[in-house]
Amino acid sequence: MHNPAEFPKPTLVPVNGVELEVFEAGRENAGEPIVLCHGWPEHAFTWRHQMPALAAAGYHVIAPNQRGYGNSSRPTEVTDYDIEHLSGDLVALLDHYGYEDATFVGHDWGAFVVWGLTLLHPNRVNKVINLSLPYQERGEKPWIEFMEDVLGGDFYFVHFNRQPGVADAVFEDHTFQFLRNLYRKNEPPAEPQPGMALINLARAETPLGEPIMSDDELAVLVSAFESSGFTGSINWYRNLDRNWHLLADVDPIIRQPALMIYGDRDVIARGANLAEFVPNVEVISLDCGHWIQQEKPEETNQAMVKWLEQQDVTGSSQG
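No gaps in the numbering here: position 222 of the sequence shown is 222 in full-length UniProt numbering, and each next residue is one more.
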């Protein structure tokens, strides 16, 4: 477990019309940037195990709380959380530090943003490492419409869009309970319940499985969401169909070297056509659920550092 008091102190960085709360490690490694992009409902703190390991491997580690999270700005317009804004924040973050490009790492929603950033600003991304969420193929129908057809109105992506404000309020009324119940591993299989699963989870008095973090670690996330609320972060979901339209005319192929890390017990589906859209991808699976870098921190660190070292050797031999 990690002592939260040892986590780096943040700085507020102005980017793209907002301010991001940014945590750093390995500043002495200037010139070798790696940017860590958290998912939902997460925080830069969820990279606490990776930051020291990547700094020790020679990287300047930059972990922002993205817009809507922590002490970063929380714009009120839903459209301020689309892929153009989220990727624009990361481009402006590189500009702030004076970097042409960087390696980007994403987990969950952070992975979606990293894939989108790489499509929209390919010259700013030199390598990609994504956890849990594979590249999302842009099909014939906007993503929320497709999910509603296949998974129904209670599926949380659809619910967040069709019933705005409902889930936000439940999570804010049960912030500790929701996050405590969510950040678990080795949960026993359960029959699907009627209604929106995450709302049910927030209201459940007894958590299942085992916690993936200590009470002190959990308190960091609870405090952050008690302060920020959930609406800004849920607004990312409310832009999925908008993102589908924004990516309509973009070359869909990711050409950078990429590492995809799956959790064998993750509920998120693997990418059936991953290599078709990301031809230079290497795939690794770890024996864990969705919270990969927190459930298996050492294995995640080893996989990332080893792959990065291999890319450096390959890159220098080609150069």
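Where is the CB? At the ideal position from N, CA and C, for every residue including glycine.
CB contact flag (residue i, residue j, <8 Å)
i	j	result
G26	V61	yes
residue 321	W109	A query on residue 321 cannot be resolved here, the shown segment of the chain reaching from 1 to 319 and no further.
N235	V18	no
E100	D241	no
L208	E226	no
D287	D264	yes
V91	R124	yes
A197	H174	no
Cβ distance (whole Å) where residue i is taken to contact residue j below 8 Å
i	j	result
L93	V15	5 Å
H85	R67	7 Å
E21	S87	Incorrect: roughly 18 Å between the Cβ atoms, too far for contact.
Q293	T46	7 Å
R184	E210	6 Å
A102	N126	7 Å
V35	V105	7 Å
V281	L274	6 Å
L182	V222	The Cβ separation is near 11 Å, so there is no contact.
Residue i: CB within 7 Å of a non-hydrogen atom of the ligand ADP
i	result
Q294	With respect to small molecules bound, the structure shown includes none, and the ligand ADP cannot be examined in it.
Beta-carbon contacts of residue i that lie in its chain and below 8 Å, excluding the five residues immediately before and after
i	result
H245	P142
Y81	R67, G68, P75, G232, N235, W236, R238 and N239
E205	Q177
N161	I144, Y237, R238, L240 and D241
Contacts around residue i, its chain only, beta-carbon distance under 7 Å, and the 5 residues preceding and following it disregarded
i	result
I199	A167 and V170
V278	Y135, I254 and A258
A30	H60
Same chain, Cβ closer than 6 Å to residue i, five either side skipped, listed in chain order
i	result
W48	Note on residue identity: the sequence assigns Arg, not Trp, to residue 48. The residues are H2 and F7.
G229	E172
Paired residues, beta bridge with residue i - DSSP
i	result
H38	None, per the DSSP bridge assignment.
G106	C37 and N130
L286	G263
I62	E24 and V35
Below 8 Å, how does it come out for the region 119-134 and the region 247-263: are there three or more Cβ pairs, yes or no? The region 119-134 vs the region 247-263: in contact.
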